[in-house]
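Below you'll find the structure, written out as structure tokens, and then a few comments.
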Amino acid sequence: MKFFQSPAAKRWGSLIALYAVVTVMTGPPGNQSSPTLGFTSSFSETVSFFGLFPAPRGLFFAGLFASVIGFIWLLRWSQTLKIDRFRREYSVALSELYQGVAQRRAARGGFYLVALGVAIVLPHLVTDPFWQQAMVSQIAIYVLLAIGLNVVVGFAGLLDLGFVAFYAIGAYTTAWITGALPAAAPFHIHLNPFWAIPIAIVFVMISGVLLGLPTLRLRGDYLAIVTLGFGEIVTIFLNNLYKITGGSTGSNQIPHFSVHLGPLKYVWGLDPVPYYYLTLAFVVVFLFAFSALEHSRVGRSWVAIREDEIAAESVGINPLKYKVIAFAIGAASAGFAGVITGGQSLFINPTTFTLSFSINILVLVIFGGMGSIIGVVIGSLIIQTLSMYLIHAQPAGFQNSDLYIYLGALLIAMMIFRPEGIWPSKRRRREIQFVEAGVEPDQRTDETRLNGESA
Amino acid sequence: MGGFFSFFSSHFATLGHEFWPLLVGGLATGFIYSMVAIGYTMVYGVLRLINFAHSEVFMTGGFASFFLTKWLVGSGTPSAWQSVLYVILGILAGGLAGAAIAAAVERVAYRPLRRRKAPKLAYLISAIGASYFLFNLAAKEFGRINFAMTQPFANHVLFTFANAPVQMLDVLTLFAGLLMLVGLDRLVSKTKLGRSIRAVAQDAETASLMGVNIDRTIAVTFVLGGFLGGAAGYLFGLKFGVVYTMGFTPALKAFTAAVLGGIGNLRGALIGGLLLGVVESMSVAFVNGAFIDVVSFAVLVLVLLVRPTGILGESLGRAA
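Heads up: the protein sequence lines correspond to chains A and B, in order. Under the working numbering, residues 1 to 455 are what the first sequence spells out, in order. Under the working numbering, residues 456 to 775 are what the second sequence spells out, in order.
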């Protein structure tokens, strides 16, 4: 009994469990008639052992794990590269890089300009049609959605799991305005999707406020489950109000975006590149707007509410009001992204608007770093590019739906090992550290030192 | 906007002569909601958190008992004694699988965060991650369609109550649900184990000073809630079949039931579940069948607006 409770046994136990989970997670699928097939063949199926000789998967993964552990041990034993020091140095280097970029105005501006320049020339460097399409519909739009959800989850600290509902409302409003739904367009005028932007934003904000008002005054976990339910309810309505939404077939063809301003005439077509630039322009606008918002009175009120709601209330901040504002702004950006998707993909139906979508966006925000705009952008780029790479390259044994499993695992792993995200907002990281160290909000100052921190 | 009226049902008159059948159906579903709601309420009692992965506990219970029943019954027709045995084994399989998954979720998604005293948002996110991970893994391993469960007994109409035919399955659900709910209630209110759960629910820090092992108590709470959730998955699966997404909607409703009765309150979960089951069942008279799920969502929002502490009030510590 003693042995099983020792730290070494626990470490080995979790390692073996991790090995089993990773092997099964990446393994071949099973089916209903033989439920154990997926598990057994995850270990028994023959794969190439690092390109050397054919071996069962179980052995291959054991080799993989053994080599990773062996590598770490080697580093420790040789003492030439201490892992801890390496880690400390890595994080110091990263934070220096971050501070160098973040704190010097010129450096920061330069960095953003270079990033923008790269984003502008990118579609001319990447000419593969898969990637050009993915850059619009799977990367740029997801960045837009992630920075919107970041306002809700990151800035205001509210867990919104029904983000997809607002996205769906945006997309369906576009279809309605342009006359692509069974429900007749307002006054039977078929407008261009550009007109849907203000209308969709108004619709989405109204539904956000209606949903938020009863729930935002309650505890945060209630909000999470109510938004989860709301996402589902919207899907039920989309699926079943045939005469309005077209049911499971969705909309007819939504027209493309177009501009007809006097001599200026342009129609976005099937080519994804013009849509990429359109989305990019909006991403830039939203980035500016949200970073201005972060440092505005509203943004500071969010920080105050997040850190200590009672104290915030006692200095005259109305928590409900600011939470509703955050919720509505987040919803508006989702609705906005819905409009672009509607115009770009032409056809929409309820299968796009599922829980998986909300979770996917949440993963982007968590991975990048809650409350850190730049982190969320970087996080979205990394995750979405990796996902698209896996879908495009189809490595042996990979099914597209496996991505969801990986994303779920990633959420848990981030919360265990790095809750502040890969590129954290300084403030948010500090907050998490304070909570974990048990420092009360009224004792938190810039001079407060946590355990292990040098003065 | 004429299409919107498809939301409302034209069966308003059915409420008159269908009242008893709807009541029986509603109570049977209500017991399932109650059993799942217990899991939410118990975890909420000790941790003040909603366990988002509880829907997957339900789903796993459904799948485990589905495979066991399929293997036991095979293609034959079980005799009366066999039926009884198979049902008991099915409940046990569902319950144990649910308990195992609940324990694993606690171990992986909750305990490391608790060690670090992580902020509340972190728990919610890791539980969501666990739920998402589990149901997608189930989809991968078992396929993505709804499987009808092999019936371990012939679902005869046993007797007629008023004008409601009462089937074997309804009786089983009522009986098994009541037995487990009462059993759990006794366990929490009478045994030493139950006392430690209540102690942690009231004040974890003081409880640990009094010698209660907090980690173990929390794990036990997950296991007990998981057992009932998994067993409920079996009873649900007998009627509606099993599919990897089967946990989502019932769990949302069970959560509504828990809030309706007063979250953290065991008897509240029972009352809330039954009430929600009946309300939902009766609402076919007003709302078109496809929109039934909207009703319980409306109930949830309404309860949160009007009386967020539920019918019996919150807290596991005192009420149980």
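Ideal placement from N, C-alpha and C gives every residue a C-beta, glycine not left out.
Residue-level contact by beta carbon holds for Leu-228 of chain A and chain B, with a gap shorter than 9 Å. Residues of chain A whose Cβ lies closer than 7 Å to the Cβ of Pro-574 of chain B are, in chain order, Ile-432 and Val-435. At least 9 Å separates the CB of Tyr-167 of chain A from every CB of chain B. Beta-bridge pairing by DSSP links Ser-333 of chain A to no other residue. Fewer than three Cβ pairs drawn from the region 520-531 of chain B and the region 737-746 of chain B lie within less than 8 Å of each other, which leaves the two stretches out of contact.
Boundaries of the alpha helix (DSSP H) around Phe-752 of chain B: 747-761. Close CB contacts of Phe-518 of chain B within its chain, under the 7 Å cut and outside five residues either way in sequence, are with Ala-593, Phe-597 and Val-697 (chain order).
Non-local beta-carbon contacts of Met-490 of chain B in its own chain, meaning distances under 6 Å to residues more than five positions away in sequence, involve Gly-632, Leu-683 and Ala-687 in chain order. Secondary structure note for Ser-48 of chain A: its beta strand (DSSP E) is the uninterrupted segment 46-49. B:Leu-759 is the residue among B:Ile-669, B:Val-750 and B:Leu-759 whose C-alpha sits nearest the C-alpha of Ala-713 of chain B.
Contact between the region 575-587 of chain B and the region 21-39 of chain A is absent, with fewer than three C-beta pairs closer than 8 Å.
About 35 Å separates the CB atoms of Lys-708 of chain B and Ser-663 of chain B; that is not less than 8 Å, and the two are not in contact. Each of B:Val-734, B:Arg-503, B:Val-756 and B:Ile-669 was checked against the Cα of Arg-570 of chain B, and the nearest Cα belongs to B:Ile-669. Per the DSSP secondary-structure output, Thr-615 of chain B pairs in a beta bridge with B:Pro-620. For Tyr-275 of chain A, no chain B residue has a Cβ inside 9 Å of its Cβ, as the nearest lies near 30 Å away.
Counting the other CB atoms within 10 Å of its CB gives Gly-531 of chain B a total below 16, which places it among the exposed residues. The beta carbon of Val-560 of chain B sits closer than 6 Å to those of Ala-508 and Ala-585, all from its chain and outside the five residues before and after it, given in chain order. The beta carbon of Asn-252 of chain A sits closer than 7 Å to the beta carbons of Ala-180 from its chain, once the five residues preceding and following it are set aside; these are given in chain order. In this structure, the CA atom of Leu-568 of chain B is about 45 Å from the CA atom of Met-623 of chain B. The DSSP-derived three-state label of Val-698 of chain B is coil. For the region 587-601 of chain B, the set of positions with a beta-carbon nearer than 7 Å to some beta-carbon of chain A reads Tyr-587, Phe-588, Asn-591, Leu-592, Ala-594, Lys-595, Glu-596, Phe-597 and Gly-598 in chain order. C-alpha of Leu-547 of chain B to C-alpha of Met-635 of chain B: approximately 12 Å in a straight line.
The C-beta separation of Gly-342 of chain A from Ile-254 of chain A comes to about 5 Å, placing the pair in contact by the 8 Å criterion. Apart from the 5 residues on each side of it in sequence, Ala-724 of chain B sits with its Cβ closer than 7 Å to the Cβ of Ser-489, Ala-492, Ile-493, Thr-496, Ala-712, Ala-713 and Gly-716 in its chain, given in chain order. DSSP places Phe-353 of chain A in the coil class of the three-state scheme, outside both helix and strand. Sequence-ordered contacts of the region 555-581 of chain B with chain A read Val-563, Ala-564, Pro-567, Leu-568, Arg-571, Lys-572, Ala-573, Pro-574, Lys-575, Leu-576, Ala-577, Leu-579, Ile-580 and Ser-581 [C-beta pairs closer than 7 Å]. The beta-carbon of Phe-39 of chain A is placed less than 9 Å from the nearest beta-carbon of chain B.
A direct Cα-Cα distance of roughly 46 Å separates Pro-186 of chain A from Asp-308 of chain A. Taking the C-beta atoms as reference points, Met-415 of chain A is found no nearer than 9 Å to Tyr-499 of chain B. According to the DSSP assignment, Ser-387 of chain A belongs to the alpha helix (DSSP H) that extends over 373-393.
Annotation for Phe-166 of chain A: Val-204, Ala-331, Ala-334 and Gly-335 place their beta carbon closer than 6 Å to its own, counting only its chain and skipping 5 residues before and after. Of all residues in the region 19-36 of chain A, only Val-24, Met-25, Pro-29, Gly-30, Asn-31, Gln-32 and Pro-35 place a beta-carbon less than 8 Å from a beta-carbon of chain B.
Against chain A, a Cβ distance below 7 Å from Pro-763 of chain B picks out Leu-218. For Val-259 of chain A, the beta-bridge partners assigned by DSSP are A:Tyr-266. Under a criterion of Cβ atoms nearer than 8 Å, the residues of chain B adjacent to Ile-233 of chain A are, in order, Asp-748, Val-749 and Phe-752. Interface annotation, Ala-585 of chain B: in contact with chain A, CB-CB separation under 9 Å.
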